[in-house]
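Heads up, the thing below is written out as structure tokens.
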Amino acid sequence: VEDVLGIQPGRDPNRVVIVGAHIDSRVTDVMNTTADAPGANDDASGVALVLEAARALSKQRFDATIVYAVFSGEEQGLWGATLLADTAKARGWDVSAMLNNDIVGNTVGQGGKREDGYVRVFSEGIRSSEGEAAQAARRGNGGEDDGPSRALAKAIDGVAGSVRGGLDVMLDRRPDRFGRGGDHEPFLKLGYPAVRFSVANEDWDAQHQDLRTEKGVVFGDTVDKMDFGYLAKVTAINVATLARLAAAPAAPASATISGALSRDTKVAWAAVPGAAGYRVRWRRNDRSEWSDQRDVTGTETLLVQTPVDDHFVGVSALAADGSESLVTFAGR
Ligand SMILES: [Zn+2]
-10 VEDVLGIQPG RDPNRVVIVG AHIDSRVTDV MNTTADAPGA NDDASGVALV
40 LEAARALSKQ RFDATIVYAV FSGEEQGLWG ATLLADTAKA RGWDVSAMLN
90 NDIVGNTVGQ GGKREDGYVR VFSEGIRSSE GEAAQAARRG NGGEDDGPSR
140 ALAKAIDGVA GSVRGGLDVM LDRRPDRFGR GGDHEPFLKL GYPAVRFSVA
190 NEDWDAQHQD LRTEKGVVFG DTVDKMDFGY LAKVTAINVA TLARLAAAPA
240 APASATISGA LSRDTKVAWA AVPGAAGYRV RWRRNDRSEW SDQRDVTGTE
290 TLLVQTPVDD HFVGVSALAA DGSESLVTFA GR
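Residue numbers (the working numbering): -10 to 321.
Set out below in structure tokens:
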């Protein structure tokens, strides 16, 4: 198994953000190696996005290293992505984020329904690598909607709001489409924050089909079904996310809250090398998005009249230019 990688070294060679897509494509029989399998959407669209991201960002200098990855063997078993995830683990990379782009180029879906207003971003809420001790702690802390991958998806949602073009993010609260998977999964298994981008409406007459026409229906994953304006917007969201996370410091390794039987909540977190400051975010426990924030320079703060019983708290690290890391959810 071989992947094609473009590596853009950052000031920190060990911390990486990854954008990936798969270069293999298939027809009806996944083991058919001779039929024409153009794979325009699945997943040449993602590969084009990765190449364009490299073109757009390669002249800039970032704190983190950016890995532009094109995976092989996705259709037969996520082999190329597994190779890179295992390599990241073996080399001790600190993976801040992995953005998987798979089927990101069409707007007309099955049955002719068109949707060009949003892109789906799939994420797991709870770290799939979570062990028993972490699971027990989370049961007490809450945080089912605040795992690292969900935090990444929320960050992408926020980034998308500032990208010109107006493409919205549907924060799809599942690891992937129902009962299906993709190249972000090997990264999730190892505990790395990872998400999948996919179009709003899939066209299953195009995906994984022999090229043919049956009863007037044209099957096959061909380039004429792509919407390049839409693909450009998905690419812009990826580029802006990569730029932000590569410019930001790493997320705090841990964060804690305390203050039981008090009206105030004390927040403390692990210092992050190179961070110019930190952003403490909080919200009431009946809300899903952060509602309040405070920027501080130390490694603790007190939220007055904000009872720990009723508030979720998270902490991110800030670069001097304001670039923000993912939010680390605080617990005991
Ligand atoms: Zn695919």
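From the three backbone atoms N, C-alpha and C, an ideal C-beta is built for every residue, glycine too. Given the structure is predicted, the values throughout are model-derived calculations rather than measurements.
Could you name the residues of the same chain whose beta carbon sits closer than 6 Å to that of residue i, not counting the 5 residues immediately before and after it, in chain order?
i: residue 43; result: -5 and 57
i: residue 246; result: 254, 256, 297, 302 and 319
i: residue 201; result: 208
i: residue 237; result: 308, 312, 313 and 314
i: residue 70; result: 60, 172 and 175
i: residue 28; result: 14 and 210
i: residue 107; result: 157, 159 and 189
i: residue 226; result: 149 and 152
i: residue 280; result: 272
i: residue 86; result: 6, 141, 182 and 234
i: residue 32; result: 10, 11 and 91
i: residue 132; result: 318
i: residue 77; result: 84
i: residue 54; result: -2, -1, 2 and 5
What does DSSP give as the partner residues of residue i in its beta bridges?
i: residue 3; result: Per DSSP, none; premise fails for residue 3.
i: residue 23; result: According to DSSP, residue 23 bridges with nothing at all.
i: residue 181; result: Residue 181 pairs with nothing; no bridge assigned.
i: residue 87; result: 7 and 183
i: residue 305; result: 268
i: residue 60; result: 11
i: residue 55; result: -3 and 6
i: residue 318; result: 303
i: residue 41; result: Paired residues: none, contrary to the question.
i: residue 313; result: 307
Among residues of its own chain, excluding the 5 on either side of residue i, which ones have a beta-carbon nearer than 8 Å to its beta-carbon?
i: residue 291; result: 253, 254, 255 and 256
i: residue 98; result: 104, 188, 189, 190, 191 and 192
i: residue 216; result: 94, 95, 96, 97 and 105
i: residue 165; result: 111, 171, 173, 174 and 185
i: residue 282; result: 268, 269, 270 and 271
i: residue 40; result: 57
i: residue 122; result: none
i: residue 196; result: 30, 31, 92 and 210
i: residue 63; result: 11, 13, 32, 69, 70, 91, 171 and 172
Might you give, ordered along the chain, the residues of its own chain that have their beta carbon closer than 7 Å to the beta carbon of residue i, omitting 5 neighbours on each side?
i: residue 45; result: 228
i: residue 65; result: 19
i: residue 222; result: 154 and 156
i: residue 306; result: 237, 238, 239, 240, 241, 261, 264, 267 and 314
i: residue 126; result: 320 and 321
i: residue 51; result: -1, 235 and 236
i: residue 24; result: 16 and 199
i: residue 117; result: 177 and 178
i: residue 293; result: 253
i: residue 136; result: 113, 114, 115 and 116
i: residue 180; result: 116 and 118
Q. Mind listing, in chain order, the residues whose beta carbon lies closer than 5 Å to a non-hydrogen atom of ligand 1?
A. Residues with a Cβ closer than 5 Å to any heavy atom of ligand 1, in chain order: 31, 32 and 91.
Q: Could you tell me which uninterrupted alpha helix (DSSP H) segments, each at least 4 residues in length, are contained entirely in the region 93 to 132, listed from first to last along the chain?
A: Entirely contained in the region 93 to 132, the alpha helix (DSSP H) runs reaching 4 residues are, in chain order, 121 to 130.
**Q.** Ranges of the alpha helix (DSSP H) found wholly within the region 231 to 303, counting only runs of at least 4
**A.** none
Q: Any chance you could list the beta strand (DSSP E) runs of at least 3 consecutive residues sitting entirely within the region 149 to 211, in chain order?
A: Listed in chain order, the beta strand (DSSP E) runs fully inside the region 149 to 211 are 157 to 161, 183 to 188, 201 to 203 and 206 to 208, counting runs of at least 3 residues.
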